[in-house]
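In terms of the working numbering, the sequence shown opens at residue 539 and continues consecutively. Beta carbons: idealized from backbone N, C-alpha and C, even for Gly. Comments concern the structure below.
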Amino acid sequence: MGSIPFGFILTKLFLKKDIRDIGSGNIGATNALRTGNKLIGYTTLTLDISKAIIPVIYTKIYFPELLFVASLCAFLGHVFPIWLKLKGGKGVATYVGILFSINILLGLIFVVSWGFVFLIFRYSSLSSIIGSLSIPLYLFITTEKSSVIFFITMFVLIFFTHRENIIRLKNKEESKTKIY
539 MGSIPFGFIL TKLFLKKDIR DIGSGNIGAT NALRTGNKLI GYTTLTLDIS KAIIPVIYTK
599 IYFPELLFVA SLCAFLGHVF PIWLKLKGGK GVATYVGILF SINILLGLIF VVSWGFVFLI
659 FRYSSLSSII GSLSIPLYLF ITTEKSSVIF FITMFVLIFF THRENIIRLK NKEESKTKIY
């Protein structure tokens, strides 16, 4: 499910455009918003979150010992979709689905961290990086140390998918995002 490229499908279907030729060229929800069609952007966001929720909750119920494997597979499927020559999104919406599926509190911590950073700086990329860092930090500070390695790994992967954004942020060339 992780490799279903919803941003690509929706822009092809409704706008008759290739999302990879728009904005950053990314297939994810932030770039789908750059198409100018908010419905496509928010639908992409919802579907990218859902493509993690469905398999992760199923795994949590029936195969709890494989929870982190299923989560990683959903994430990697989004970032490296087999249908698009392994060139996918940055994985943030899928990560949000993973967080809410594993523990609603983790999802809320991410959303609040993301929202706080976004309100101050207006950079989706910076918000995503800080939000993903907030999860292993929270788990490290609390008694929940067993899953810290997994969430550090997820932070590193999100940091990796945002490496071009980090360079643009450093050079003050990153464009601010409008989510409304």
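{"Asked": "Rounded separation between residue 650 and residue 669 - CA only", "Found": "8 Å"}
{"Asked": "DSSP three-state assignment for residue 653, whether helix, strand or coil", "Found": "helix"}
{"Asked": "Buried versus exposed call for residue 620 [16 or more other C-beta atoms within 10 Å across all chains shown]", "Found": "exposed"}
{"Asked": "Per-residue burial, residue 574 [other beta carbons within 10 Å of its own, 16 or more giving buried]", "Found": "exposed"}
{"Asked": "Inter-stretch contact (C-beta, 8 Å, three-pair minimum) for the region 620-630 and the region 539-551", "Found": "yes"}
{"Asked": "Whole-angstrom C-beta distance between residue 655 and residue 639, which should lie under 8 Å", "Found": "Wrong, their Cβ atoms sit about 23 Å apart, outside the cutoff."}
{"Asked": "Among 642, 693, 683, 716, nearest to residue 614 - alpha-carbon criterion", "Found": "693"}
{"Asked": "Residue of 610, 662, 711 minimising C-alpha distance to residue 687", "Found": "610"}
{"Asked": "CA-to-CA distance, residue 597 to residue 576, given in whole angstroms", "Found": "32 Å"}
{"Asked": "Residue 807 to residue 683 span [Cα, whole Å]", "Found": "Any question about residue 807 goes unanswered here, given that the chain covers just 539 to 718."}
{"Asked": "Cβ-based burial, residue 699 [other Cβ within 10 Å; buried from 16]", "Found": "buried"}
{"Asked": "Distance, residue 553 Cα to residue 633 Cα", "Found": "27 Å"}
{"Asked": "Contacts around residue 572, its chain only, beta-carbon distance under 7 Å, and the 5 residues preceding and following it disregarded", "Found": "560, 561"}
{"Asked": "DSSP state of residue 719 mapped onto helix, strand, coil", "Found": "Any question about residue 719 goes unanswered here, given that the chain covers just 539 to 718."}
{"Asked": "Limits of the alpha helix (DSSP H) - the one that residue 692 falls within", "Found": "686-699"}
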